[in-house]
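In terms of my numbering, the sequence shown opens at residue 11 and continues consecutively.
Glycine included, C-beta positions come from ideal geometry on N, C-alpha and C.
Let me begin by presenting the structure, written as structure tokens, before commenting on it.
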Amino acid sequence: CSTGFYEGRYVEVRLDAVDLGRHWPIEGGLPWSGHEVTFGLCIPRGKCKDFAVQWLLVPLLVVYLRRGGPDFVNHEEIFRHAETLAATLSRPPGDPQLLQGT
């Protein structure tokens, strides 16, 4: 996060992959097996609120991993689905916990 990206912040994401998969039907399934998944993200400081990371960025990352990157993703469709989920669920799919780093 600090090399060449001084305005970044590191977050460790912990989530329930099975719950995430229930709400985000991802072609080919999730790239992980099991329930508990932990990974790190470097995100722009002040540009990406925790709400956006939990509801949109985490699922988008999963879709990128499955489909081969941003060129193979319909971002408008993903955004609409995230909006629908945020309006109907009390917590983000997978219940991602964001642990702040440096």
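Measure the CB-CB distance between R24 and L109 and report whether it falls below 8 Å.
The residue you call residue 24 lines up with position 14 of the sequence shown. The residue you call residue 109 lines up with position 99 of the sequence shown. Yes. Within cutoff.
Going by DSSP in three states, I88 sits in which element: helix, strand or coil?
For the purposes of this step, residue 88 is identified with residue 78 of the sequence shown, where counting begins at 1. Looking at I88 - three-state DSSP - the assignment turns out to be helix.
Going by DSSP in three states, L99 sits in which element: helix, strand or coil?
Residue mapping note: residue 99 aligns to position 89 of the sequence shown, counting from 1. Three-state result, L99: coil.
Between the alpha carbons of Q107 and E93, how many angstroms are there, rounded?
Numbered from 1 along the sequence shown, position 97 holds the residue referred to as residue 107. Numbered from 1 along the sequence shown, position 83 holds the residue referred to as residue 93. Roughly 19 Å between the two C-alpha positions.
Alpha carbon of K57 to alpha carbon of T48, nearest angstrom:
Taking the sequence shown and counting its residues from 1, one reaches residue 57 at position 47. Taking the sequence shown and counting its residues from 1, one reaches residue 48 at position 38. Going from the Cα of K57 to the Cα of T48 covers about 22 Å.
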